[in-house]
Every structure is written in structure tokens, then in C-alpha cells.
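Below is one structure; the comments refer to it alone.
Residue numbers (my numbering): 72 to 360.
The structure is reproduced here in C-alpha cells:
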């Protein structure tokens, strides 16, 4: 040791030295550059500018076009962006919608639906869900859990872009004939042995849903889990959302199935009436007939 200089070898680092974020070239070392770029791209999509071309995104962010392309393709694959080939531009995808609902507990639809979800759960004793349709996919945005020890849970924000789920069947069945034909033309993945993938059988199933006003999922999406869903309409008559009852197959026998279907119809009709649907009372009368 010379010149009064004390060695620090072996000296434990102070808490501040270990815990304080370091900076490298003026940037937080915890900063993820690729993620930051992706978020900058998403932040450009707004109500007054919902559609962006690849060139526009590249120019606005200052990112190289090749980098922008990789970013948009990744976000498209994850459902955060959707490319419209007709106009050659991207817009926000279904994966973004659940985030907005989760970020705002004051969502008008979720808040309005809460007493109806609770009523349906009380009548059936099972978990109930509220879903909306985004870009052709059913998205769960509200839920009341059953008091049973075994609780089939669809996480809030779950996106289901198939016809194996009861919500998706309702949305598809109540569309125009041309829209249904377009949907049926898309191949369906065989998620379980019970999944209906034959277009002709699916067409029959959707026709039944439109006639009866409820759709069933009898272990078609997940083995051991069943569900029934009914449409909720607004003042224009459009399907605004769907309410469902979800239960394990052991609690979804023929009697429970009919009872849950009746409850789903009635509560969905009541919610529709609250939203101003003029035909709600007629639908409810049919359900009780």
C-alpha cells in the first residue's frame, strides 16, 4: 500500500451500488430497445388516425423500413395489429382490446353487466362470463366466479377466435347470411374430439343457435368443460355482447344444460332490455314459453 491509498479489493458493495440502476451512454440498462420501438409503433394508433401503412409507420418513428416490417409482423402474429390488404394499412387488433378494459374498471358495459352476471351466477350456481366480439374473435371482459371448489376460469382478456366456444357461435350465428358463409369457409382447428370442424355440420349448428337463441360448447374447446351462451342486444338490435354459464361436465348434464340455457336466455334478455333493445320482452316471452 503506497501513498495512503486504501485497497477496496474484497470490500462488499454498498446497497446503493448494487440496487441503483446503471446507465450506459445515457440510457437505463434495464431499457429494452426492441420493446420500446414496438410500443412507440403502437402508440401511433389513435382515434383520429386508426390506420397506418408500413411506410407511414417507418417515417413517423424514424425506424428503418425493414425494422418496422419485422415489428409489425411480430405484433400481427401476436394479435396486436391487423393488416387490411384492401387499403394496405394496419390497425389495432383484438389483443389490444382486453388491455383497455382491464385498464379501466369503469368500463360502461362491464359495469352495466355486473348485476346480470351476478344474477346468472346466483341462479345457476356456476361461473358466468361476459364477452364482446373484436375482429371476429370473442373476448372475455367480465366474470363472476362460482362458489364451487372447482372453478372453470376463462381469464379476463382471453381471445377466442374459433367456433368451438359458445360465445363465438352466438356471434357467428346472428350475422348476415353472407358473413356466416365467409366464416364457415375458414377451416376450424380440431381442439378436442368434440370440436365440430365439418362446414356442413357447423352450418347446421349455427342455424340451431339462431333459432333457439343459445349456443352450447359441449367439451368442444376444452375437455371436461361445458358452456352455454346467449346474445345481449342493444337499442339498434345489434348483438352487443354475450353472457355465458361455464361448468365442468359433471355439473352440466341434460337437466342442468336445459336449466342453464333457460337462465342464460332470460338474463341476457333482461340485460338487452336495460340496453334499450325493443324486442327484449318478446325474446323473454319466447324463452319462458
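Ideal Cβ positions, reconstructed from N, Cα and C, are used throughout, including at glycine.
Residue nearest to residue i in terms of C-alpha spacing, selected from the options
i           : options               : result
residue 333 : 109, 319 and 299      : 299
residue 205 : 261, 234, 265 and 165 : 165
residue 255 : 318, 350, 262 and 233 : 233
residue 246 : 278, 349 and 114      : 278
residue 361 : 291, 122, 114 and 215 : The question about residue 361 has no answer here: the residues shown for the chain are numbered 72 through 360.
residue 159 : 128, 275, 345 and 170 : 128
residue 126 : 182, 141 and 309      : 141
residue 168 : 203, 188, 249 and 145 : 203
residue 130 : 111, 145 and 118      : 111
residue 145 : 178, 226, 113 and 132 : 113
residue 220 : 235, 196 and 207      : 196
residue 133 : 109, 313, 225 and 349 : 109
residue 120 : 154, 105, 161 and 150 : 161
residue 184 : 326, 276, 313 and 226 : 313
residue 260 : 249, 273 and 248      : 273
residue 331 : 200, 211, 155 and 225 : 200
Cutoff 7 Å; reference residue i; Cβ partners in own chain excluding five residues on either side
i           : result
residue 176 : Here residue 176 scores only 44 on pLDDT, less than 50, and its place in the model should not be relied on; the value that follows carries that caveat. Cβ within range, chain order: n/a, list empty.
residue 237 : 286, 287, 288, 298, 299, 300 and 315
residue 265 : 289, 290 and 291
residue 190 : 338
residue 223 : 198, 296, 317, 318 and 319
residue 124 : 159 and 160
residue 217 : 192, 196, 197 and 198
Cβ-Cβ distance between residue i and residue j below 7 Å
i           : j           : result
residue 280 : residue 240 : yes
residue 209 : residue 231 : yes
residue 152 : residue 138 : no
residue 295 : residue 320 : yes
residue 282 : residue 263 : no
residue 303 : residue 339 : yes
residue 187 : residue 323 : no
residue 362 : residue 181 : Since the displayed the chain opens at 72 and closes at 360, residue 362 lies outside it and no answer follows.
Residue i (DSSP reduced to helix, strand or coil)
i           : result
residue 126 : helix
residue 235 : coil
residue 261 : coil
residue 337 : helix
residue 314 : strand
residue 425 : There is no way to answer for residue 425, as the model of the chain reaches only from 72 to 360.
residue 331 : helix
residue 244 : helix
Same chain only: Cβ atoms within 6 Å of residue i, ignoring 5 sequence neighbours per side
i           : result
residue 163 : 116
residue 57  : In this structure the chain extends from 72 to 360, so residue 57 is not present and cannot be described.
residue 194 : 334
Residues of its chain near residue i, where Cβ-Cβ distance is below 8 Å and the 5 sequence neighbours each way are ignored
i           : result
residue 148 : none
residue 347 : 305 and 306
residue 135 : 129
residue 258 : 268
residue 349 : 306 and 308
residue 248 : none
residue 94  : Below a pLDDT of 50, predicted positions are generally treated as unreliable, and residue 94, at 45, falls in that range; the measurement from the model is reported next regardless. Excluding sequence neighbours, residue 94 sits near 100.
Exercise. Write down every uninterrupted run of the beta strand (DSSP E) in the region 129-157 whose length is 3 residues or greater and which is fully enclosed by it, in chain order.
Key: 152-155
Practice problem: Counting only runs of 4+ residues fully inside the region 167-210, write out the alpha helix (DSSP H) ranges in chain order. | Solution: 167-174 and 179-195
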